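One structure is given here, and the rest of the page talks about it.
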Amino acid sequence: MITVQADDLVRILPQAILAGFAILVMVFEPFLPAARKTLLGWFSLFGVVAAGAATIRTSFSPGLAFGNSISADRFSLFFICLFLLVAALTLLGSFHSLERENINHGEFYALLLMATVGMCFMAASTELIMIFLGLEISSLATYVLAGFKRQDALSNEASLKYFLLGSFATAFFLYGIAVVYGLTGTTNLLVLSAQLGRSGEFRPGAVFAWVALLLMFVGLAFKVSTVPFHVWTPDVYQGAPAPVTAFLSVGPKAAAFAVLLRIFLGAFASAGSGVFWVFWASAILTMCLGNLAALLQSNVKRLLAYSAIAHAGYVLVGIAAGRGEGTAPVLFYLTVYALMNVGAFLLVAHLAGTGERWTRIEDFTGLGYQRPAVAACLAAFMLSLAGFPTTAGFFAKFYIFRAAVHSGLIGLTIVAVLTSVVSVYYYFRLIVVMYMREGKAEAASASLPWALRVALAISVVGIFYLGLYPTDFLLLTNLAAVPLP
Amino acid sequence: MVPLAHILALSVILFGLGAAGFVFRRNIITIFMCIELMLNAVNLAFIGFSRYLGNLDGQIFAFFVIVVAAAEAAVGLAIIIAVYRNRGSLSIDDFDSMKL
Amino acid sequence: MEVLLLLILLPPLAGAVLNGIFGRRFPQAVVSAVACTAPGLSLFFALLTAWTFAHLPTEPAPYVHSYFTWIEAGAFRADFALYYDRLTLVMTVAVTLVSFLIHLYSRGYMEQEGGYYRFFAYLNLFLFMMLTLVTAANYPLMFVGWEGVGLCSYLLIGFYFPRKSASDAGKKAFIVTRIGDVGFTLGVVLLFWTFGSVDFQYVFTRLEALPPGDLQGSLTAVGILLFLGAVGKSAQLPLYVWLPDAMEGPTPVSALIHAATMVTAGVYMVARSHALYAHAPLALEIVAVTGCVTAFFAATIALAQNDLKRLLAYSTISQLGYMFVGCGVGLFSAGNFHLMTHAFFKSLLFLAAGSVMHALSGELDLRKMGGLRHQMRTTWLTFLVATLAISGVPGLSGFFSKDAILAGAREGPLGDPRLYWLATVTAGLTAFYMFRALFMAFHGASRVQPALEPHVHESGGKMTRPLLVLAFFSVVAGYVSLPKALGGGEWFHHYLQPVFASSQALLSSTAAPAAGHAPSRLAVMGTSVLFAGAGFLLAYLGYVKFTGLPSRLTECFRGTYQLLVNKYYVDEVYDWLIVRPLRRGSEIFLWRIVDAGAIDGLLVNGSAQATASAGNLLRRMQSGNLRSYATWVLLGAVLWLGYILLR
Amino acid sequence: MMLPQIAFFFLSAVTLISAVMVITRRNAVHSIIWLIVTLFSVGGIFLTLHAEFLFAVQVILYVGGIMVLFLFVVMLVNLDVALKQAQFNRQWQVALVTALVLMAELGYGIYRGHQGFTLAQVTATPMSGGNTQAVGLALYQDYMLAVEIASVLLLVAMVGAVIMAKRKIE
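Chains as they are written, first to last, in my numbering: chain A, 1 to 485; chain B, 1001 to 1100; chain C, 2001 to 2647; chain D, 3001 to 3170.
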């Protein structure tokens, strides 16, 4: 029997505030005329900021809550902050393009907040069933968000594919939970790691435990889109409205990585040796396929989708490096990845123009001379994605590779370095097109709305801050990596 | 008392049938039904384990799974309706405008 | 001192920022004033720092100052720290001096071109990165400068971006040097692994205390990997292919980046890491042999080039080879001496070539020049001085520095007669192709196209004055290290001695004594002068006296000539061996093997879809069809499960 | 053989047969009917395993709610065209083989690992007051937060369903 204490409530305060604001948005929605819906967006942004403040409050009373099913530790608070950052950036970047696409409805903001709630619960729960519920919340919200342009055939198709395949993968994840439950009688990760901690290994019949872990891996691998579970990614990223893609490519992915870390480097770390090679092989496949396929793309959104797949591969390298080495670099990488990817997608969303007409690479021809500042931002994102020194992308990769080398994963590191060299080629294609070709960029449309400017400024400053002076943040990730159960 | 292995075997077969149907059916609604089959297989496993562990948690989980199935059904069918309005078709093979 | 050091770095950065942000709104005069003040200030502070350094009580011990901790990750730590010793001193002064002059020259050269502010912003940024490279106190910071100069070079090569060849050349430069950078990165990682630090001072101190022979394996590996980076950056075999193409950029860029400074970064890095190479004689031998072969190879290509800038580019590659020979035989100071003199005369050559280009509206083909000395006296004179210098005519700077290397190849700790002879023959080739260029451009009858003839004129003072200054340095720079044999004090050599002494001592003690007796220094000089003279004579005979001779000769040696004109077909071979297989390999591998074999046979009854002509794995995987997506997900699950069950 | 066994085997047979029917029927309505049969028989198995509450949920929520929703949608959309098309794609052999392999793998895992399960002594009725009371207490005490999260989930589903299915917004 659980009695709810005040501390329990404080420890889910960020999620509660977000959910409350989502509900309020729905309440206010009918009272606002169509032209004023952006107010709801600002209101949601306020909610995100409030949740951020609440996170600070939560950090003063860390601990377990609700019968050990919620853990408000540094690890989960780190991820909550990351999700809030992603949500805030997406909100800032979406106002204008929602208006432009004529889909500026309050539901968008409500669903975005709900998805964030789900992600926060994924990161903060130590109970598999609650992780699953969080996963479902964020999934259902993003299924709908992907299809938010209801009149648009591509958006529909994206939503449908994402939904069907997502549910399919979820079934695998659930089956994994069922087997874990059957093996141990519990689904609480803390209890599990305590049980495993005694023996270090599974009892006889460990085979089925591997099966359980793998089934869960399949479900999560789908969300983070590792090969061969990535197949949905390019289509959905291409079809979904670009601000949604920005959110989708970072938020649910980071949340799924948080769960992967908690399960595979946390609770099952001592039993994970059998899964190690799965991570290893997944990382190699993902990096190779993501980068090679990106070479062939002509659509910028699709190119970024494959690049997102490739980046998942690098994060997997960090996970393969193991608990002691890999966790902090993974956290660092995910943050950097969030900044640059959200920035890039938001910018592409803006440049694509009404109906997202201009998303081919050629549409950016000569952009560097018509819109120098915009092009410079995009170039900065590309440089960072390519891992160019002085940008955060470089250190993100560097720390991952370093962790891998320390763990003796030389082969994996070599593949990672080589594929990242390949990746330079396609990122630079965009830069070359912008700066080294004459032409009238189709994509150079209206001036940047200032909300988007703020979002871009945050991303660019973040990229260069972390690229020039990563030390402090690295210490933070080291702190956040420690309390993994 | 039915051996646990039998229940699990049933659950595994049901899961496999759902997965197979998901892959080779053409009608989107039927494909979606196959997911329900898979979720039922999961529930069967939960309840079986719950019974043999003498532990109620499994039943709770099964309950949540059913809740999730309901939520998925609501959203999924809404998406299907939206898609149908746009394209007038529910054959999965008609939805391949994005590729490579 | 620490403030002074920073002050060397900051003006170009400030200039780049100012011009980059506001340049478009400034008038040209302001842009050029800002741009030229920056290297001027840097030069001033570099001299001031040199003076202060000379009066430090600790001199000649290196001065290191850490400004703040830049990266810290567990044991790995890199500061933003600068390192200043006599080698840094020489480099900063040479770099700032040459770049100051080139900035001045560019004012005139770029007047008529678009993107004036952009050009100067890049140029200033380049200087900042180059100075970061030479003053960095650890490998990661050096790498920042290393990558930074690469980026600027990439931007400047592609400066005339509307020309496809220009942007292609930029890309080529970027990708080829990246290959080298992978080596550099791996080298630094390995070094960190070996010593647990990447800080110069720490690593070098450890190395000096290390008994010879210890850690030989990993140090050799580090040395080779770092040298791979130098091979890319300094355009040595086999990664030299980008440099000739880089001549697509504006000529001052070719002078500054692709002759005087950036390409020498590799030499500087090897010299900076001397303590490491002292423990890795094998790596050093590779450096020397690569350098020597490159020097010879590039010189032979230069023999048959008709494009003036490309000829100079191959000459640069060849001279860089000399510098590596100098370092490789263990005489690091000789390599650096040549680096410095080369910076003067090669930038002079390029700037003079730019002046010619200016007069001829961009014409670069030597066959369409001739007789220019009448119209362009200053340019001709300065080009002549530079030619004399590079050919090793006694009394000019190139003679002394090249002679130091040749002598080193003979007597140095790792000297070898074969290196010596190849280098000497190359000296003869150098004299030949340089005089050939001189004669074809400035002497004989005019072959200038009639339409251009009236426009031929001497360039303005903005351009000729820097030429004269550089000419002055090209003559006198050699006298800082007059060899003993000529009664000089080898001052430069002795000045750098404290830096390299320990390494040289170590190398001399471990290397096998040179076989046979070494010829005296005077004999070495005599031989090289003889070869240079022969080169000059041949050029004179062929291109001034009997102008019909060369075409008859090329008739006779048609095959060889074609081979040289086409640069040994290296680009074609690379294209054929590497670029095309890579491009096609993905198709063949993914499509033929993975796709057609595994997927087609297994997954789909091929009939309908196998007809798709250029299908590959991706197209099959990403068919857009949800069922095939589901199949992939299912297959993935089945495969992973199968693995885990069978393991 | 005792009654529970007989009931179990009968119900599993019905489950499997109807499940096969679900994935092979040409007409979507038939598939739904067969799915309802499957769900009923799975519910029956719940009953034999003393999960009375779940049986009730299965029947009321699943069959009564979800399946009716399915039927509505099938009636709403016009599937006549689809009836005339082939219902399986060319991949069906591959799919079947893969699914069979999946089943075999999971089955093999159970076979290899069945002694790994921690099995308690099975008691006929786990708790006094009946299954429903026990589940209810657990839900609203131990799993209170999960129930709250599930409510958020349902809210999301509601908002999402409305926005996707509404004919025209504003």
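In this text, a Cβ means the ideal position worked out from N, Cα and C, and glycines have one as well. It should be emphasised that the depicted structure is a prediction, and the values quoted were computed from it without experimental measurement.
**Request:** Output, in chain order, the set of chain A residues within a Cβ distance shorter than 7 angstroms of Thr-2069 of chain C.
**Result:** Thr-471
**Request:** Could you check what DSSP says for Val-1002 of chain B in three-state terms: helix, strand or coil?
**Result:** coil
**Message:** Quick check on Pro-2483 of chain C: buried or exposed, where buried means 16 or more other Cβ atoms within 10 Å of its Cβ?
**Reply:** Buried.
**Asked** Got a sec: is the Cβ-Cβ distance from Leu-3076 of chain D to anything in chain A below 8 angstroms?
**Response** Not closer than 8 angstroms to any Cβ of chain A, the Cβ of Leu-3076 of chain D fails to qualify, so no.
**Message:** Assuming Arg-402 of chain A is part of the alpha helix (DSSP H), what are its boundary residues?
**Reply:** Where Arg-402 of chain A is concerned, the enclosing alpha helix (DSSP H) starts and stops at 392 to 406.
**Asked** Using Cβ-Cβ distances below 8 angstroms, what residues of the stretch 224 to 255 of chain A are close to chain B?
**Response** Pro-234, Asp-235, Gln-238 and Gly-239
**Item:** Cβ neighbours of Ala-2137 of chain C in the same chain (closer than 6 angstroms, five flanking residues each side left out)
**Value:** Val-2064, Ala-2081, Leu-2082, Tyr-2083 and Phe-2200
**Proximal chain B residues relative to Gly-2624 of chain C, where beta-carbon distance stays under 7 angstroms** = Asp-1096, Ser-1097, Met-1098 and Lys-1099
**Rounded separation between Gly-2354 of chain C and Gly-41 of chain A - CA only** = 59 angstroms
**Request:** Could you tell me whether the Cβ of Ala-16 of chain A comes closer than 8 angstroms to any Cβ of chain C?
**Result:** no
**Message:** Below 7 angstroms on C-beta distance, what does Gly-2642 of chain C contact in chain D?
**Reply:** Glu-3105
**Item:** Extent of the continuous alpha helix (DSSP H) run through Ala-1069 of chain B
**Value:** 1057 to 1087
**Message:** Tell me which residue opens and which closes the beta strand (DSSP E) that Ala-65 of chain A is part of.
**Reply:** Counting along the chain, the beta strand (DSSP E) containing Ala-65 of chain A begins and ends at 63 to 65.
**Asked** Does Phe-168 of chain A come within less than 8 angstroms of chain B when only Cβ atoms are used?
**Response** yes
**Message:** Runs of 3 residues minimum, wholly inside the stretch 202 to 235 of chain A: which ones carry the beta strand (DSSP E) assignment?
**Reply:** none
**Request:** Please confirm if Leu-164 of chain A has its CB atom under 8 angstroms from at least one CB of chain B.
**Result:** At least one chain B Cβ lies under 8 angstroms of Leu-164 of chain A.
**Prompt:** Are the beta-carbon atoms of Asn-2124 of chain C and Ala-2016 of chain C separated by less than 8 angstroms?
**Reply:** Yes, they are a contact pair.
**Request:** Starting from the C-beta of Val-2456 of chain C, find all residues in its chain whose C-beta is less than 6 angstroms away, skip the five residues before and the five after it, and write them out in chain order.
**Result:** Ala-2359 and Gln-2375
**Request:** Output, in chain order, the set of chain D residues within a Cβ distance shorter than 7 angstroms of Ala-1078 of chain B.
**Result:** Gly-3160, Ala-3161, Met-3164 and Ala-3165
**Request:** List the endpoints of the continuous beta strand (DSSP E) containing Ser-71 of chain A.
**Result:** 70 to 72
**Asked** If we count the other Cβ atoms within 10 Å of its Cβ and call it buried at 16 or more, is Gly-2542 of chain C buried or exposed?
**Response** buried
**Asked** Quick one: what does DSSP say Val-417 of chain A is sitting in, helix, strand or coil?
**Response** helix
**Message:** Short of 6 angstroms in beta carbon distance, which residues of its chain neighbour Gly-52 of chain A, apart from the five on each side in sequence? Order them along the chain.
**Reply:** Leu-84
**Request:** Leaving out five residues on either side along the sequence, give the residues of the same chain with a beta carbon under 8 angstroms from the beta carbon of His-230 of chain A.
**Result:** Thr-286, Leu-289, Gly-290, Ile-309 and Ala-312
**Request:** Quick one: list the residues of chain B neighbouring Arg-2627 of chain C, beta-carbon separation under 9 angstroms, in chain order.
**Result:** Phe-1022, Val-1023, Phe-1024, Arg-1025, Arg-1026, Ile-1031, Ile-1092 and Asp-1093
**Asked** For the beta strand (DSSP E) that contains Arg-2077 of chain C, what are its first and last residues?
**Response** First-last of the beta strand (DSSP E) with Arg-2077 of chain C: 2076 to 2084.
**Item:** Host alpha helix (DSSP H) of Gly-2232 of chain C (start-end)
**Value:** 2216 to 2233
**Prompt:** If we ignore side chains and look at the alpha-carbon of each, how far apart do Val-27 of chain A and Thr-142 of chain A end up?
**Reply:** 21 angstroms
**Message:** Does chain C have any CB closer than 8 angstroms to the CB of Ala-976 of chain B?
**Reply:** The structure shown has nothing for residue 976 of chain B, since chain B only spans 1001 to 1100.
**Message:** So, for His-2443 of chain C: in the same chain, excluding its five sequence neighbours on each side, which residues have a beta-carbon less than 8 angstroms away from its beta-carbon?
**Reply:** Gly-2370, Gly-2371, Arg-2373, Tyr-2543 and Val-2544
**Asked** Could you give the residue range of the alpha helix (DSSP H) that holds Gly-47 of chain A?
**Response** Bounds of the alpha helix (DSSP H) holding Gly-47 of chain A are 38 to 60.
**C-alpha gap between Ala-22 of chain A and Leu-113 of chain A, whole angstroms** = 6 angstroms
**Asked** Which stretch, first to last residue, makes up the alpha helix (DSSP H) that contains Ala-110 of chain A?
**Response** 106 to 124
**Asked** Are Ala-123 of chain A and Phe-79 of chain A close, meaning C-beta to C-beta below 8 angstroms?
**Response** Result yes, Cβ atoms of Ala-123 of chain A and Phe-79 of chain A sit closer than 8 angstroms.
**Buried or exposed (CB count within 10 angstroms, at least 16 for buried), Gln-2112 of chain C** = exposed
**Asked** Any beta-carbon of chain B closer than 8 angstroms to the one on Gly-147 of chain A?
**Response** yes
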